[in-house]
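See below for the structure under consideration.
There are 2 protein chains.
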Amino acid sequence: MVIMDEFKLINKIKQTYYRNASLIKGIGDDAAVFKQTNQSILTAVDTFVENIHFIKDKTMSTKQLGYRCLAVNISDLAAMGAVPRFYLVSVVIPPNWEELDVLSVFDGLSQLAKKHQMDLIGGDTVSGDTFVLSVTVIGYADEEKVRYRSDAKVDDIVFVTGTLGDAGIGLDILLNDLKINNQSYFINRHQVPEPRVTFAQLLNKIDRLSLNDISDGLSSELNEIAKASNISIMINDKDIPVNKELKKLPDHQQIKYKYSSGEDFELVGTTSKKNWNQIKQAAKKAGILVTKIGQVVTSTNEQVFVDNYNQILKSNGYIHLK
Amino acid sequence: MVIMDEFKLINKIKQTYYRNASLIKGIGDDAAVFKQTNQSILTAVDTFVENIHFIKDKTMSTKQLGYRCLAVNISDLAAMGAVPRFYLVSVVIPPNWEELDVLSVFDGLSQLAKKHQMDLIGGDTVSGDTFVLSVTVIGYADEEKVRYRSDAKVDDIVFVTGTLGDAGIGLDILLNDLKINNQSYFINRHQVPEPRVTFAQLLNKIDRLSLNDISDGLSSELNEIAKASNISIMINDKDIPVNKELKKLPDHQQIKYKYSSGEDFELVGTTSKKNWNQIKQAAKKAGILVTKIGQVVTSTNEQVFVDNYNQILKSNGYIHLK
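Residue numbers (the working numbering), protein chains in the order written: chain A, 127 to 448; chain B, 127 to 448.
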């Protein structure tokens, strides 16, 4: 698509009404304007590049691409305990993309935005050789309920939501012809991940909670929590929740999907033992799985151990034997 | 540059301290966190693509590229009457870019950020075929002093800052070997534009003001104000401020640079006659030029006229004869 008239495209994309009362001015001036006098404001950005993060019509449809790019951003906010409110979209459109493809990306974005009561409040559409979609999200959270990865404490329970590795399996089915049952389940987990906003919001009564979304694999996220909180973590390999089909794969593949496969956009967190029941109730209410996979242990080295103190889980998913 | 380790790159880019007290958490978690209980929050995004918006080391250096991409965004905030505070950067890095080039882009960004007391609070660095730089800015303004393009009223004075067309001439010197005196002045205006934040802030005592930054050419911006405010505008061609060298060019080139050449990132606005002295004083204090170029006239058609009611200035810079 050669952009002949950016204004016409914007008019097709622009919402006819806005959902958020805190929004003062959406699209249509040099900048969007909003006001938030009570809560903290959170913001993050994520970028998708064609043939790097997705292959058009092979790993996902253009609509799923829009959906997924916003989902990834919403997941970042969920991992901070925030509710998403606004998003801005920057899109680089190559000549070989049809206008319908571009509109379909925005359709995917707006479908998920609607579900989360979000508004599209800004953007930029430019021409280029390669398709790039960059989304900035803005959300709100009560200041004392923002969930930092630096808040883990010794004796905390370590938990994860959902099952891990599903999205990675889905991608390998699409790209590398991986043989496994229930293919559509795994593919779906890759193409339309569900950010855990509801669950994270249901934890609002809990005073202290460290939280990360699993975007770079469990091993990376656990190490980030250990480092940021200056603690160590001991997890039990057999407790990591996985789909029953994954258990049929060879060991080295199981390890890869469990520890290094990100992009399930599940949450990993830690909280004190007294809150564990609340966490389980919140998961039940949100209709998702939550599993205790280990605990925070005393150690000076900010490390992540698997099963015993001789096995160290590195950020890249490699288990180092002492 | 092939991104082997995103974390190492982030550590090189990350600020060692933050300038804004309203920032609670910068880079280092799933999202940045800030709080602003008094003022409105403004946000905009702009994207630069290699060989579309710039040619590396031909139209500008990598450092100027970073500087300019942030300047363009700051200009959007200035045109809303806001002060810039934060920015997020998404960058797509192709294999043929060296790490030093990328760091130089961030050097340009941080140089201008420092000048405006802004903090880099988020970003995403990914691989791709083409270099893309996308910057999201966040700023603050008092709610009743946000400057909308829809606030022009009949009998308002229409003014612009600076001289128009300089950046366009600069680009044509670099790209098309345009012959003109004082080349370095014009090239500089293209490579390192200065957003008019100080001037816009000095107008803070003025109750009502419509304002746009001239990013798409004077004709486009005037038509946007006319349409958004449901008024018409009459400008005087000879009053449009231009560099004396521009006046030596053939008429059709003068018209092009004056009306269609954006990216000077000067401001165009309207205000009631009683405020005109304040505007002139603000410009003097900010050390910039401000010029009255016309006034808001009664008309039902939301049009922009040049010199008389028979010459209509279209958004694309074409002067249509009635």
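The beta carbon of each residue, even a glycine, is placed where N, CA and C say it ideally should be.
Note that the structure is a prediction, hence the values are computed from the model and not measured.
Out of the options, state which residue places its alpha-carbon closest to the alpha-carbon of residue i.
i                      : options                       : result
residue 327 of chain B : B:164, B:295 and B:407        : B:407
residue 348 of chain B : B:439, B:363 and B:377        : B:439
residue 273 of chain A : A:141, A:354 and A:191        : A:354
residue 350 of chain A : A:329, A:394 and A:319        : A:394
residue 240 of chain B : B:212, B:275 and B:398        : B:212
residue 432 of chain A : A:404, A:385 and A:399        : A:385
residue 153 of chain A : A:249, A:356 and A:208        : A:249
residue 192 of chain A : A:225, A:235, A:364 and A:242 : A:235
residue 232 of chain B : B:260, B:209 and B:366        : B:260
residue 421 of chain B : B:415, B:285, B:364 and B:267 : B:285
residue 297 of chain A : A:369, A:336, A:279 and A:184 : A:184
residue 444 of chain B : B:383, B:176 and B:195        : B:383
residue 366 of chain A : A:343, A:209 and A:357        : A:343
residue 309 of chain A : A:364, A:437, A:321 and A:295 : A:295
residue 364 of chain B : B:352, B:330, B:418 and B:335 : B:418
residue 405 of chain A : A:332, A:210 and A:258        : A:332
residue 495 of chain B : B:258, B:436 and B:430        : Any answer about residue 495 of chain B is impossible in this case: the structure gives chain B only from 127 up to 448.
residue 357 of chain B : B:434, B:334, B:275 and B:373 : B:275
Find the residues of chain A that neighbour residue i, judging by a C-beta separation of less than 8 Å, and give them in chain order.
i                      : result
residue 249 of chain B : 171
residue 222 of chain B : Those within 8 Å of residue 222 of chain B in chain A number zero; the least Cβ separation is about 13 Å.
With a threshold of 16 other CB atoms inside 10 Å of the CB of residue i, please say whether the residue is buried or exposed.
i                      : result
residue 396 of chain B : buried
residue 143 of chain B : exposed
residue 173 of chain B : buried
residue 378 of chain A : exposed
residue 289 of chain B : buried
residue 179 of chain B : buried
residue 453 of chain A : In the structure displayed, chain A extends from 127 to 448; residue 453 of chain A sits before or after that span and is not available.
residue 301 of chain B : exposed
residue 410 of chain A : exposed
residue 446 of chain A : exposed
residue 280 of chain A : exposed
residue 415 of chain A : exposed
residue 401 of chain B : buried
residue 243 of chain B : exposed
residue 147 of chain B : exposed
residue 210 of chain A : buried
residue 321 of chain A : buried
residue 319 of chain B : buried
residue 134 of chain A : exposed
residue 151 of chain B : buried
Just to confirm before moving on: does the CB-CB distance between residue i and residue j stay below 9 Å?
i                      : j                      : result
residue 188 of chain B : residue 227 of chain B : yes
residue 269 of chain A : residue 165 of chain A : yes
residue 251 of chain B : residue 158 of chain A : no
residue 156 of chain B : residue 127 of chain A : no
residue 292 of chain A : residue 311 of chain A : yes
residue 340 of chain B : residue 277 of chain B : no
residue 388 of chain A : residue 441 of chain A : no
residue 359 of chain A : residue 423 of chain A : yes
residue 264 of chain A : residue 238 of chain A : no
residue 214 of chain B : residue 246 of chain B : yes
residue 255 of chain A : residue 426 of chain B : no
residue 208 of chain B : residue 266 of chain B : yes
residue 217 of chain A : residue 253 of chain B : no
residue 167 of chain A : residue 361 of chain B : no
residue 398 of chain B : residue 315 of chain B : no
residue 375 of chain B : residue 306 of chain B : yes
residue 194 of chain B : residue 317 of chain B : yes
Identify the contact partners of residue i in chain A, using a Cβ-Cβ distance below 7 Å as the criterion.
i                      : result
residue 419 of chain B : Within chain A, no residue comes near residue 419 of chain B; the closest Cβ sits about 19 Å away, beyond 7 Å.
Please compile the residues from chain B whose C-beta is within a distance smaller than 7 Å of the C-beta of residue i.
i                      : result
residue 214 of chain A : 169, 171 and 262
Taking Cβ-Cβ distances shorter than 9 Å, what residues in chain A pair up with residue i?
i                      : result
residue 160 of chain B : 166, 167, 168 and 169
residue 218 of chain B : 173, 175, 178, 218, 256, 258 and 260
Using only the heavy atoms of the ligand FAD, determine whether one of them is closer than 8 Å to the beta carbon of residue i.
i                      : result
residue 262 of chain B : Summarising the ligand content, the structure contains no ligands, and the ligand FAD is consequently not present.
Find the residues of chain B that neighbour residue i, judging by a C-beta separation of less than 8 Å, and give them in chain order.
i                      : result
residue 150 of chain A : 166, 269 and 272
residue 356 of chain A : Chain B residues near residue 356 of chain A: none, gap ~14 Å exceeds 8 Å.
residue 208 of chain A : 157
Just the chain B side, please: which residues come within less than 9 Å of residue i by C-beta, in chain order?
i                      : result
residue 163 of chain A : 162, 163 and 164
Residues of the stretch 270–292 of chain A with Cβ closer than 7 Å to any Cβ of chain B, in chain order: Listed by position along the chain: 272, 274 and 275.
Interfacial residues, the stretch 190–206 of chain B to chain A, with Cβ spacing under 7 Å: 202, 203, 205 and 206
Chain A contacts from the stretch 322–353 of chain B (Cβ-Cβ distance under 7 Å): 338 and 339
Residues from the stretch 228–253 of chain A in contact with chain B, defined by Cβ distance under 8 Å: 247, 248, 249, 250, 252 and 253
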